[in-house]
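Everything on this sheet refers to the single structure shown next.
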Amino acid sequence: MDISVVVPLYNEAESLPELEAWIRRVMEENNFTYEILFINDGSTDESWKVIEKLSESNPNVKGVSFRRNYGKSPALNTGFQRTRGNVVITMDADLQDSPDEIPELYRMITEEGYDLVSGYKKKRYDPLSKTIPTKLFNATARKVSGIKNLHDFNCGLKAYRSAVVKHIEVYGDMHRYIPYLAKNAGFGKIGEKVVQHRARKYGKTKFGLDRFVNGYLDLLTLWFTGKFGAKPMHFFGLMGSLMFFLGFIAVIAVGAIKLYNMYHGNHYILVTDSPYFYISLVLMILGSQLFLAGFVGELVVRNSPGRNQYEIEQELNIKQPIN
Ligand code: UDP
Ligand code: MG
Numbered sequence: 003m004d005i006s007v008v009v010p011l012y013n014e015a016e017s018l019p020e021l022e023a024w025i026r027r028v029m030e031e032n033n034f035t036y037e038i039l040f041i042n043d044g045s046t047d048e049s050w051k052v053i054e055k056l057s058e059s060n061p062n063v064k065g066v067s068f069r070r071n072y073g074k075s076p077a078l079n080t081g082f083q084r085t086r087g088n089v090v091i092t093m094d095a096d097l098q099d100s101p102d103e104i105p106e107l108y109r110m111i112t113e114e115g116y117d118l119v120s121g122y123k124k125k126r127y128d129p130l131s132k133t134i135p136t137k138l139f140n141a142t143a144r145k146v147s148g149i150k151n152l153h154d155f156n157c158g159l160k161a162y163r164s165a166v167v168k169h170i171e172v173y174g175d176m177h178r179y180i181p182y183l184a185k186n187a188g189f190g191k192i193g194e195k196v197v198q199h200r201a202r203k204y205g206k207t208k209f210g211l212d213r214f215v216n217g218y219l220d221l222l223t224l225w226f227t228g229k230f231g232a233k234p235m236h237f238f239g240l241m242g243s244l245m246f247f248l249g250f251i252a253v254i255a256v257g258a259i260k261l262y263n264m265y266h267g268n269h270y271i272l273v274t275d276s277p278y279f280y281i282s283l284v285l286m287i288l289g290s291q292l293f294l295a296g297f298v299g300e301l302v303v304r305n306s307p308g309r310n311q312y313e314i315e316q317e318l319n320i321k322q323p324i325n
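Just so you know, the working numbering puts 285 at position 283 of the sequence shown, and the rest follows in order with no gaps.
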């Protein structure tokens, strides 16, 4: 099968027939073999009924329906596990992404060898309250992830080589950073294509401004787990040791100065009267806490089932030992 189209949706009943007809037209015009996977994320409207209906006239329409609303990431992940096409396309259900982009995205994956191609809504039809923070969001994401050529991380329209979606796990709200997840999994050839964007025709947006707060926190999580996830001690241990060491030196200095002055008959103050004593104490306490956090982190890693799973691309002349 050439293409799997994954469409997460939450209360988008009005858009679905138009979307299905449009995708079908594009696929037939280009002679692609395809499937459309509608992932109904616990819609409370008629969405699932509409999908059932569509599947009666088009056997390429497939669907999964969640019992309740989990979010876009869980919907995408569920779709990814079930794809069978060589190229996987994701798109939003609200008709903001155009299926006309599919052939070119497909070509970029199959002929230019990209692992992932992200859409770039250069000209957006969204309110200003969304476009301005989005610019900031993308600049930060570029910096932190090191994927310097992407302008639109969270574009719903993306294309993947099949292996990519089978090797990444999208959970929580991490759909905003799929290119970063792919990069962390070793799929580094990431490209971009300027795509048409249209105003939402039916229904309303499912994400408010909290998307930017959550997006920022998720980015920190990804950065941290990507860098120190398998070795937390390298972060906490270093910070903790440095702080403790500083505090320790300082507290010795405070004591030594007092003893020196005492010995030479100078005026001296009690250790507890010096503000530096308390600063040192705080440093030492915080330092040991950080160190402990690192140590607990290492114990957690030691027991995590994924600690020794790596993305292996190829093996040569390896035979399993006979026991
Ligand atoms: N979506 C979903 N589950 C949710 C929220 C959204 O499956 O909990 C779907 C939604 O139906 C749409 C896509 O994710 O197909 C993008 O959502 P939306 O258009 O509201 O986001 P925006 O375009 O405003 O970023
Ligand atoms: Mg939308």
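Note that beta-carbon positions come from the ideal geometry of N, C-alpha and C, so glycine has one too.
Owing to the predicted nature of the structure, the values given are computational and were not obtained by experimental measurement.
Item to check | Length-filtered (3 minimum) beta strand (DSSP E) runs lying within the segment 31-119 | outcome: 36-42, 63-67, 89-92
Checklist entry - Taking Cβ to Cβ, would you say residue 182 is nearer than 7 Å to residue 224? => result On the sequence shown, position 180 is the one that residue 182 refers to. On the sequence shown, position 222 is the one that residue 224 refers to. Contact: yes.
Checklist entry - Below 7 Å between beta carbons: does that hold for residue 217 and residue 75? => result The sequence position of residue 217 within the sequence shown is 215, counting from 1. The sequence position of residue 75 within the sequence shown is 73, counting from 1. No, they are not a contact pair.
Checklist entry - Of the residues 260, 299, 52, which one's Cα is nearest the Cα of residue 274? => result Residue 274 sits at position 272 when you count from the first residue of the sequence shown. Comparing Cα positions, the closest option is 260.
Checklist entry - Going by DSSP, what residues sit across from residue 161 in a beta bridge? => result Residue 161 sits at position 159 when you count from the first residue of the sequence shown. According to DSSP, which records beta bridges pairwise, residue 161 is partnered with 91, 119.
Checklist entry - For residue 181, does the three-state DSSP call read helix, strand or coil? => result To locate residue 181, count along the sequence shown from 1; it is residue 179. Helix at residue 181.
Checklist entry - Straight-line CA distance for residue 188 to residue 315? => result Position 186 of the sequence shown, counting from 1, holds the residue named residue 188. Position 313 of the sequence shown, counting from 1, holds the residue named residue 315. Their Cα atoms are separated by approximately 9 Å.
Next on the checklist: For residue 46, which residues in the same chain have their Cβ closer than 7 Å to its Cβ, ignoring the five residues on either side in sequence?
Outcome noted: Mapped onto the sequence shown, residue 46 falls at position 44. Taken in chain order, the residues that qualify are 13.
Checklist entry - For residue 194, which beta-bridge partners are listed by DSSP? => result By one-based count along the sequence shown, residue 194 stands at place 192. According to DSSP, which records beta bridges pairwise, residue 194 is partnered with 120.
Next on the checklist: Suppose the cutoff is 8 Å on Cβ atoms and the five residues either side in sequence are ignored; what does the same chain contact list for residue 1 look like?
Outcome noted: There is no way to answer for residue 1, as the model of the chain reaches only from 3 to 325.
Item to check | Check whether residue 107 and residue 10 have beta carbons under 7 Å apart | outcome: Here residue 107 is taken as the residue at index 105 of the sequence shown, counted from 1. Here residue 10 is taken as the residue at index 8 of the sequence shown, counted from 1. Contact flag unset, no.
Item to check | Spatial distance of residue 122 from residue 236 (CA atoms) | outcome: To locate residue 122, count along the sequence shown from 1; it is residue 120. To locate residue 236, count along the sequence shown from 1; it is residue 234. When rounded, the distance between both Cα atoms is 37 Å.
Checklist entry - From this set, 88, 155, 196, 211, which residue's C-alpha is nearest residue 176's C-alpha? => result Reading the sequence shown from its first residue, position 174 is the one you call residue 176. Answer by Cα proximity: 155.
Checklist entry - Given a threshold of 16 other Cβ atoms within 10 Å of its Cβ, counted over all protein chains shown, does residue 172 qualify as buried or as exposed? => result Your numbering for residue 172 matches position 170 in the sequence shown. The residue in question, residue 172, is buried, as its Cβ has 16 or more Cβ neighbours within 10 Å.
Checklist entry - Taking Cβ positions, are residue 234 and residue 190 nearer each other than 7 Å? => result On the sequence shown, position 232 is the one that residue 234 refers to. On the sequence shown, position 188 is the one that residue 190 refers to. Taking 7 Å as the Cβ cut-off, residue 234 and residue 190 do not qualify as a contacting pair.
Next on the checklist: Is it buried or exposed, residue 83, if we count other Cβ atoms within 10 angstroms and call 16 or more buried?
Outcome noted: The sequence position of residue 83 within the sequence shown is 81, counting from 1. It is exposed - the Cβ of residue 83 has fewer than 16 other Cβ atoms within 10 Å.
Checklist entry - Does the beta-carbon of residue 143 have 16 or more other beta-carbons within 10 angstroms, so that it is buried, or is it exposed? => result If you number the sequence shown from 1, residue 143 lands on position 141. Buried.
Next on the checklist: Cutting at 8 Å between CB atoms, please list the residues of its own chain near residue 110, excluding the five before and the five after it.
Outcome noted: By one-based count along the sequence shown, residue 110 stands at place 108. 116, 119, 161, 193, 195.
Checklist entry - Less than 7 Å separating the beta-carbons of residue 200 and residue 98? => result If you number the sequence shown from 1, residue 200 lands on position 198. If you number the sequence shown from 1, residue 98 lands on position 96. Yes. Within cutoff.
Next on the checklist: Please list the terminal residues of the continuous beta strand (DSSP E) segment that includes residue 234.
Outcome noted: Taking the sequence shown and counting its residues from 1, one reaches residue 234 at position 232. Segment: none, residue 234 is in no beta strand (DSSP E) and carries neither H nor E.
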